[in-house]
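First the structure, in the form of structure tokens, and then the observations on it.
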Amino acid sequence: MSTASCGARPSVLFVTDLAYEARGRRYCDEDIFLTSRLRESFDVALCHPRDAAALLDGFDAVVVRNSGPVLHYRDAYDAFRARVRETGVRVHNTLDGRGDMAGKQYLVDLSRDGFPVIPTIDRAEDLGLLPRAAGYVVKPKLGADSVGLRFTDTPELPGDAGDTLLVQPRIDFRYEVSFYYVGHDFQYALHAPHPERRWVLEPYSASAADLDFARRFVEWNTLTHGIQRVDACRTAEGELLLVELEDLNPYLSLDRVTDEVREGFVARMKDSVRDVLA
């Protein structure tokens, strides 16, 4: 029986890599802050993602946050998911998302289905479907943080790529913008007004059309509980195109929002963790 069902404070195993170094972001600061606030409502212990599978017994829930790209510890992550299935422990984010949590195949699928996404293909016979561009990007479907990414002058897929790579045109965009959700509830938006400085973010006042765009992907996703970040770019023509749907461990840039927004996010996250435990 969980402590949550006995009336005691629920116990949470918070999975994070405090030593992970990311360009332009301080994962550790964000998770130190979040755990300090979650302790107001839960008993919290921290662990590295490589240790999560071995430690999750005895906790009411596991919160996966800034744990770094899964590709750096794939075996440990697969063991964690298997252990979750065995024990039935509750996880936040729930492991049923179909965005980046499941790799980047969704970009290919959404592109084929006519969603407003950067055009994306993963088959050599579809290279001709890509628009003409000044250059192209080849990415591993299981990549993250630009690991394995390379640029080409023409669209190409190596003959031995199998089903592991995707190709996109390089888009001429004005800026990137991110929309942050807990569950299906919009929290805030941030944008990078200077394309060459992706993580120098400023608050963004999202229009109704912007929110309709972002909500379309949140509703398409199958994530039951958790935090999602919808990353998009504003093209030179003014259109928003999806860049990424991050539903595993999205960095939140909470240091870039107002105190009021940050407090509102913390309250909504606590409620979301409680919902997972219900």
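Under the numbering used here, the letters of the sequence shown match residues 543 to 820, in that order.
Positions of the beta carbon are idealized from the N, C-alpha and C atoms, including for glycine.
query                                                                                                                                                                                 : result
Tell me the residue span of the alpha helix (DSSP H) that contains L783.                                                                                                              : Premise fails: L783 lies in the beta strand (DSSP E), 782-788, not in any alpha helix (DSSP H).
Pull the bridge partners of L708 from the DSSP assignment, please.                                                                                                                    : K681
Just list the residues that DSSP pairs D860 with in beta bridges.                                                                                                                     : Nothing in the structure corresponds to residue 860, since the chain is present only between 543 and 820.
What is the DSSP secondary structure of P591, reduced to helix, strand or coil?                                                                                                       : helix
Pick helix, strand or coil for M543, following the three-state DSSP scheme.                                                                                                           : Low confidence applies here, because M543 scores a pLDDT of 44, under 50, leaving its location unreliable; read the following figure in that light. Looking at M543 - three-state DSSP - the assignment turns out to be coil, as it is neither helix nor strand.
Evaluate contact between the stretch 607-627 and the stretch 748-761, counting only Cβ atoms and requiring at least three cross-stretch pairs below 8 Å.                              : no
Per DSSP, what kind of secondary structure is Y821 in: helix, strand or coil?                                                                                                         : Residue coverage of the chain in this structure runs from 543 to 820, which leaves residue 821 outside it and unanswerable.
Is the separation between the beta-carbon of R625 and that of A603 shorter than 8 Å?                                                                                                  : no
Give every residue of the same chain whose Cβ lies closer than 7 Å to the Cβ of F601, excluding the five residues on either side of it in the sequence, and list them in chain order. : S553, V554, L555, V631
Please list the terminal residues of the continuous alpha helix (DSSP H) segment that includes S814.                                                                                  : 801-819
What does the alpha-carbon distance come out to for the pair V815 and A731?                                                                                                           : 22 Å
Which whole-angstrom value is the C-beta distance of L783 and I713, which I expect to be below 8 Å?                                                                                   : 7 Å
Assuming C775 and F721 are in contact, meaning their beta carbons sit under 8 Å apart, how far apart are those beta carbons, in whole angstroms?                                      : Not confirmed; about 13 Å, so no contact.
Where P792 and A666 are concerned, what is the direct C-alpha to C-alpha distance, given to the nearest angstrom?                                                                     : 31 Å
Between V709 and A644, what straight-line distance do the alpha-carbon atoms span, to the nearest angstrom?                                                                           : 18 Å
When the distance is taken between beta carbons, is L699 closer than 8 Å to K683?                                                                                                     : no
Among A675, G690, D705, which one has its Cα closest to the Cα of T696?                                                                                                               : A675
What residues are listed by DSSP as bridge partners for S553?                                                                                                                         : D585
In terms of residue numbering, what span does the alpha helix (DSSP H) encompassing A756 cover?                                                                                       : 750-762
Given this structure, state the Cα-to-Cα distance separating D773 from Y723, to the nearest angstrom.                                                                                 : 11 Å
Starting from I769, trace the alpha helix (DSSP H) both ways and give me its first and last residue.                                                                                  : Element bounds for I769: not the alpha helix (DSSP H) but the beta strand (DSSP E), 769-777.
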